[in-house]
Amino acid sequence: MRPLGNSPLVRNDKTLVLAHDHGLEHGPKQFGGVEERLDPREVFEMATHDAVTALAVGKGLAETYYPSYEDDVNLLAKLNGGSDLWMGDPYSPQNWSVEYAAELGADAIGYTVYPGVNRETDMFEDFRPVQEAARDEDLPIAMWSYPRGQAVKEHRSRDIIAYAARIGLELGADFTKVKYPRDKEAMEHAVNAAADNRVLLSGGSKTSDRDFLELVADCMDVGVSGLAVGRNVWQRDDPYDILDKLDEVVFEGAGADDVL
Numbered sequence: 001m002r003p004l005g006n007s008p009l010v011r012n013d014k015t016l017v018l019a020h021d022h023g024l025e026h027g028p029k030q031f032g033g034v035e036e037r038l039d040p041r042e043v044f045e046m047a048t049h050d051a052v053t054a055l056a057v058g059k060g061l062a063e064t065y066y067p068s069y070e071d072d073v074n075l076l077a078k079l080n081g082g083s084d085l086w087m088g089d090p091y092s093p094q095n096w097s098v099e100y101a102a103e104l105g106a107d108a109i110g111y112t113v114y115p116g117v118n119r120e121t122d123m124f125e126d127f128r129p130v131q132e133a134a135r136d137e138d139l140p141i142a143m144w145s146y147p148r149g150q151a152v153k154e155h156r157s158r159d160i161i162a163y164a165a166r167i168g169l170e171l172g173a174d175f176t177k178v179k180y181p182r183d184k185e186a187m188e189h190a191v192n193a194a195a196d197n198r199v200l201l202s203g204g205s206k207t208s209d210r211d212f213l214e215l216v217a218d219c220m221d222v223g224v225s226g227l228a229v230g231r232n233v234w235q236r237d238d239p240y241d242i243l244d245k246l247d248e249v250v251f252e253g254a255g256a257d258d259v260l
């Protein structure tokens with residue numbers, strides 16, 4: 001892992017990534033009720049909020065919209081992803097290169113791996129040149145570590161999430177994004193399994209303000225380094241209000257009751 005003290009992704013030793021790769025991964029159905037956010041400029045504007053330390057997007061959005069926001073938004077270039085239309089065993093193909101992301105001004109690289117799937121070995125092999133190229137470009141790399149496949153009976157179990165976090169450390173990521181394993185103690189176990197790797201909480205599907213902020217606060221209490229969140233911000237009627245609250249919870253150590 002590389003030192004991240006001076007990285008723009010880190011503030012007060014914490015990180016908040018606003019994720020917006022959902023148009024590719026899940027399709028326009030994710031924008032029901034907030035159709036105006038099919039225009040990526042809406043979410044790029046959200047990423048200028050002080051709470052957001054990076055915006056995670058794919059190649060097309062980075063090429064088209066990032067040049068207008070490069071002074072105000074830190075770009076996490078999400079290099080791989082697939083559509084929700086694919087019905088086979090999960091696999092996330094690479095769509096662009098580290099070198100091209102660096103040309104566009106990326107501040108960090110993001111890459112999804114699905115441990116446990118039939119093509120796990122391919123995905124690990126795919127990750128190696130990406131990780132090494134990121135080192136050559138002096139860019140930190142965040143792994144989306146999402147266990148899937150026939151052998152994974154409960155993908156949010158304590159042991160599976162801890163394994164997911166450990167895989168990020170073992171394969172050379174600087175951050176590892178994992179799902180919540182359904183209780184605070186299990187999340188602490190995942191943080192411990194990751195050792196010095198920075199664990200990021202996956203924001204997941206939209207929930208109530210209280211449920212979401214309590215979850216984030218619990219995870220911060222046990223050593224999570226921050227979160228990578230999409231729908232729990234940009235699907236809300238007032239995304240700036242939840243970003244204000246997340247700023248206090250993630251970076252100032254506030255509890256949910258303190259901000260609600």
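The sequence shown runs 1 to 260 under the UniProt record's numbering.
Glycine included, every Cβ here is placed at the ideal spot set by N, Cα and C.
Span of the alpha helix (DSSP H) around Leu24 | For the purposes of this step, residue 24 is taken as the residue at position 24 of the sequence shown. Counting along the chain, Leu24 sits inside the alpha helix (DSSP H) bounded by residues His22 to Glu25.
What residues are listed by DSSP as bridge partners for Gly226?
-> Mapped onto the sequence shown, residue 226 falls at position 226. Paired residue(s): Thr15 and Leu200.
Quick one: grab the DSSP three-state call for Met143.
-> As a position in the sequence shown, residue 143 is number 143, starting the count at 1. Reduced to three states, the DSSP call for Met143 is strand.
DSSP beta-bridge partners of Gln94 = As a first step, residue 94 is located in the sequence shown; it is residue number 94 there, counting from the start. According to DSSP, Gln94 bridges with Asn80.
Start and end of the beta strand (DSSP E) containing Leu85?
-> The residue labelled residue 85 in the question sits at position 85 within the sequence shown. Element bounds for Leu85: n/a, residue is neither H nor E.
Gly168 (DSSP reduced to helix, strand or coil) | Numbered from its first residue, the sequence shown carries residue 168 at position 168. Here Gly168 sits in helix by DSSP.
Measure the alpha-carbon distance for Val224 versus Tyr163 and round it to whole angstroms.
-> Your numbering for residue 224 matches position 224 in the sequence shown. Your numbering for residue 163 matches position 163 in the sequence shown. Roughly 15 angstroms between the two C-alpha positions.
Would you mind sorting Asn197 into buried or exposed? The rule is 16 or more other CB atoms within 10 Å of its CB.
-> Residue 197 sits at position 197 when you count from the first residue of the sequence shown. It is buried - the Cβ of Asn197 has at least 16 other Cβ atoms within 10 Å.
In chain order, what residues of the same chain have a beta carbon less than 8 angstroms from the beta carbon of Glu35, not counting five sequence neighbours either side?
-> Working through the sequence shown from its first residue, we reach residue 35 at position 35. For Glu35, where only same-chain residues beyond five positions count, there are no Cβ hits under 8 angstroms.
Where Ala19 and Leu38 are concerned, what is the direct C-alpha to C-alpha distance, given to the nearest angstrom?
-> Numbered from 1 along the sequence shown, position 19 holds the residue referred to as residue 19. Numbered from 1 along the sequence shown, position 38 holds the residue referred to as residue 38. Roughly 14 angstroms between the two C-alpha positions.
Assumed close pair Gly203, Gly230 - CB separation to whole angstroms, cut-off 8 angstroms | Here the question's residue 203 lines up with position 203 in the sequence shown. Here the question's residue 230 lines up with position 230 in the sequence shown. Right, their Cβ atoms sit about 6 angstroms apart.
Does the distance from the CB of Ile109 to the CB of Val98 come in under 7 angstroms?
-> Residue 109 sits at position 109 when you count from the first residue of the sequence shown. Residue 98 sits at position 98 when you count from the first residue of the sequence shown. Contact: yes.
Thr15 versus Val250 - alpha carbon distance = Here the question's residue 15 lines up with position 15 in the sequence shown. Here the question's residue 250 lines up with position 250 in the sequence shown. Looking at the two C-alpha atoms, the distance is approximately 8 angstroms.
Span of the alpha helix (DSSP H) around Ala193 = As a position in the sequence shown, residue 193 is number 193, starting the count at 1. Residues Lys184 to Ala193.
Identity of the residues DSSP links to Lys177 by a beta bridge | As a working mapping, residue 177 is identified with position 177 in the sequence shown. According to DSSP, which records beta bridges pairwise, Lys177 is partnered with Trp144 and Leu200.
Could you check if Tyr240 is buried or exposed, using at least 16 other CB atoms within 10 Å of its CB as the buried criterion?
-> The sequence position of residue 240 within the sequence shown is 240, counting from 1. With fewer than 16 other Cβ atoms within 10 Å, it is exposed.
Between the Cα of Ile161 and the Cα atoms of Ala51, Leu201, Gln131 and Val10, which residue gives the shortest distance?
-> On the sequence shown, position 161 is the one that residue 161 refers to. Among Ala51, Leu201, Gln131 and Val10, the Cα nearest to that of Ile161 is on Leu201.
So is Asn74 buried or exposed if we call it buried at 16+ other beta carbons inside 10 Å?
-> In the sequence shown, residue 74 corresponds to position 74, counting from 1. Classification for Asn74: buried.
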